[in-house]
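Peer 1: Start counting the sequence shown at 114; every next residue gets the next number (the numbering used here).
All C-beta atoms in this analysis are idealised placements derived from N, C-alpha and C, irrespective of residue type, glycine included.
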Amino acid sequence: MADEVQEKIPFLTYDEPSATGADLPATSRIRRPNWLLRAILIFLSSTCLISNAVWWASYRAMVRKPCTRPQLVSSPAIEAITYEARTLWRSIEPENAYAGDPRHDPTAAHDAKWRELVKPMAMKITPDELARLGEPSIAFKDGSGYLAEMAVFHELHCIKRIRRHFHLQFYYGNLTHSEDFMDREWRHMDHCLEYWREAAMCRGDPTLTTFVWNEGRPFSKVHSKHECVNWQQLYNFAESRMVDTSNLDIFSQLSGHDEGY
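#1: Could you give the residue range of the beta strand (DSSP E) that holds E340?
#2: Going by C-alpha to C-alpha distance, which of R199, N165 and L321 sits closest to N343?
#3: Just to confirm the assignment: which complete alpha helix (DSSP H) runs, minimum length 4, are found wholly within the stretch 246 to 285?
#4: So the candidates are L367, D255, S187 and R297; which of them puts its Cα closest to the Cα of R274?
#5: Return the Cβ separation of T323 and K334 in integer angstroms, given the expectation that the two are a contact with Cβ distance under 8 Å.
#6: Whole angstroms are fine: how far does the CA of R330 sit from the CA of P183?
#7: Please give the ranges of any alpha helix (DSSP H) in the stretch 288 to 322, keeping only runs that are unbroken, at least 4 residues long and fully inside the region.
#8: Anyone know if the C-beta pair for G256 and T239 falls short of 8 Å?
#9: Just checking my contact of A252 with F350 at CB under 8 Å: how many whole Å lie between their CB atoms?
#10: Give the range of the alpha helix (DSSP H) segment to which R228 is assigned.
#11: Run through DSSP, which three-state label would P331 get?
#12: Tell me whether Y348 sits in a helix, a strand or coil according to DSSP, three-state version.
#13: Once the 5 residues before and after L269 are set aside, which same chain residues still bring their CB inside 6 Å of it?
#14: Quick check on L149: does DSSP put it in helix, strand or coil?
#15: Rounded C-beta distance between Y308 and H267? I'm assuming under 8 Å.
#16: For S158 and L150, what's the separation of their Cα atoms in angstroms?
#17: Looking at the secondary structure, which residues open and close the beta strand (DSSP E) in which I194 lies?
#18: Please work out which residues of its chain come closer than 8 Å, Cβ to Cβ, to E352, disregarding the five sequence neighbours upstream and downstream, and give them in chain order.
#19: Rounded to a whole number of angstroms, what is the C-alpha to C-alpha distance between R354 and R300?
#20: Kindly indicate the opening and closing residues of the beta strand (DSSP E) around A212.
#21: So, with DSSP's three-state summary, where would you put L137?
#22: What separation, rounded to the nearest whole angstrom, lies between the Cα atoms of H280 and F294?
#23: I need the boundaries of the beta strand (DSSP E) containing M236, first residue and last residue.
#24: Starting from the C-beta of E262, find all residues in its chain whose C-beta is less than 7 Å away, skip the five residues before and the five after it, and write them out in chain order.
#25: Do you know whose CA, among N327, L260, W326 and E248, lies nearest A357's CA?
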């Protein structure tokens with residue numbers, strides 16, 4: 114009888130009673146497939162696969178995302194910042210419109226390029242942007258915002274100014290004979306050089322440049338690949354906020370008084 118029960122066990126479902134009415138032996142109950150355990154294992158495996166796929170997709174998206182800096186200070190221009198790898202060349206090539214001797218190069222074109230480069234130096238920021246900055250500034254009379262400038266354009270202004278300093282007689286003529294003019298000039302140069310020093314130390318560009326032999330001595334190469342701001346994108350943003358400061362009547366005289374300038 115027991116043998117007949119054992120023969121039928123493999124063909125019985127869990128809710129189908131034995132034809133003999135006999136209870137199934139304990140050994141047969143142990144051999145039953147554990148569908149719950151299988152379901153749990155399948156669920157856990159699927160969850161693991163899905164989570165790994167999501168992590169991999171997130172990682173790939175992060176790798177492909179343009180490099181951004183931490184936002185430790187407030188500036189509306191941060192929204193215009195993206196980074197790109199760019200090879201910078203320090204050699205002076207004939208087609209470089211920003212370099213050369215203005216006494217021999219086409220001065221009008223040369224100066225026009227520099228004027229265009231620093232054109233968006235003065236810009237307008239909103240009251241909310243000024244509040245996030247935490248500094249006072251000169252207000253526009255119409256209440257539309259406040260006067261500000263991006264540091265990069267002040268740096269470029271200083272470079273432009275120092276280039277002119279090499280050719281004082283050409284650009285300023287008889288003014289160079291004035292003691293007051295030369296005193297202001299030298300103080301301006303000190304200001305610009307200090308502005309550059311602080312800017313270079315602030316950025317701390319970690320780009321590596323390799324060396325080559327030149328006349329028996331090691332010289333660093335004039336080109337290297339850097340992590341650079343997309344300049345045109347940033348320039349376009351500054352240009353969209355640019356203001357003309359030649360007419361001082363648009364500013365409120367009751368604002369922007371700060372002894373800490």
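Peer 2: Taking the structure as given:
#1: What you label residue 340 is simply residue 227 of the sequence shown in a count that begins at 1. From DSSP, the beta strand (DSSP E) with E340 extends over H336 to V342.
#2: Here residue 343 refers to the residue found at position 230 when the sequence shown is read from its first residue. The option with the nearest alpha carbon to N343 is R199.
#3: 264 to 278 and 281 to 285
#4: Position 161 of the sequence shown, counting from 1, holds the residue named residue 274. Nearest of L367, D255, S187 and R297 to R274, Cα basis: R297.
#5: For the purposes of this step, residue 323 is taken as residue 210 along the sequence shown, with counting starting at 1. For the purposes of this step, residue 334 is taken as residue 221 along the sequence shown, with counting starting at 1. Indeed, because the Cβ distance is near 6 Å, the residues count as touching under 8 Å.
#6: Translated into the one-based positions of the sequence shown, residue 183 becomes position 70. Translated into the one-based positions of the sequence shown, residue 330 becomes position 217. So the alpha carbons of these two residues sit roughly 40 Å apart.
#7: 292 to 316
#8: Reading the sequence shown from its first residue, position 143 is the one you call residue 256. Reading the sequence shown from its first residue, position 126 is the one you call residue 239. No. Outside cutoff.
#9: Your numbering for residue 252 matches position 139 in the sequence shown. Your numbering for residue 350 matches position 237 in the sequence shown. With 8 Å as the limit, A252 and F350 do not qualify as a contact, their Cβ atoms being about 22 Å apart.
#10: Taking the first residue of the sequence shown as 1, we reach residue 228 at position 115. Counting along the chain, the alpha helix (DSSP H) containing R228 begins and ends at T220 to V231.
#11: For this step, residue 331 is matched to residue 218 along the sequence shown. Note: P331 maps to strand in three-state DSSP.
#12: Counting from one through the sequence shown, the residue named residue 348 turns up at place 235. It is helical.
#13: Here residue 269 refers to the residue found at position 156 of the sequence shown. Only L230 and V231 meet the Cβ criterion.
#14: In the sequence shown, the residue the question calls residue 149 occupies position 36. Three-state result, L149: helix.
#15: Here residue 308 is taken as the residue at index 195 of the sequence shown, counted from 1. Here residue 267 is taken as the residue at index 154 of the sequence shown, counted from 1. Contact flag correct, Cβ pair sits at about 7 Å.
#16: Taking the sequence shown and counting its residues from 1, one reaches residue 158 at position 45. Taking the sequence shown and counting its residues from 1, one reaches residue 150 at position 37. S158 and L150: Cα-Cα distance of roughly 12 Å.
#17: To locate residue 194, count along the sequence shown from 1; it is residue 81. Run containing I194: none; DSSP gives neither H nor E here.
#18: Position 239 of the sequence shown, counting from 1, holds the residue named residue 352. Only K232 and P233 meet the Cβ criterion.
#19: On the sequence shown, position 241 is the one that residue 354 refers to. On the sequence shown, position 187 is the one that residue 300 refers to. Spanning the two alpha carbons is a distance of roughly 30 Å.
#20: Sequence index remark: in the sequence shown, residue 212 carries index 99 (1-based). Run containing A212: none; DSSP gives neither H nor E here.
#21: The residue you call residue 137 lines up with position 24 of the sequence shown. Confidence at L137 is low in this model, with a pLDDT of 48, below 50, so the placement of that residue is unreliable and no value is reported for it.
#22: Taking the sequence shown and counting its residues from 1, the one referred to as residue 280 is at position 167. Taking the sequence shown and counting its residues from 1, the one referred to as residue 294 is at position 181. Rounded to the nearest angstrom, the two C-alpha atoms are 15 Å apart.
#23: Counting from one through the sequence shown, the residue named residue 236 turns up at place 123. M236 -> beta strand (DSSP E) spans A235 to I238.
#24: Here residue 262 refers to the residue found at position 149 of the sequence shown. Correct list, in chain order: M234, A235 and M236.
#25: Numbered from 1 along the sequence shown, position 244 holds the residue referred to as residue 357. The question names Ala, yet the displayed sequence has Asp at residue 357. Nearest of N327, L260, W326 and E248 to D357, Cα basis: L260.
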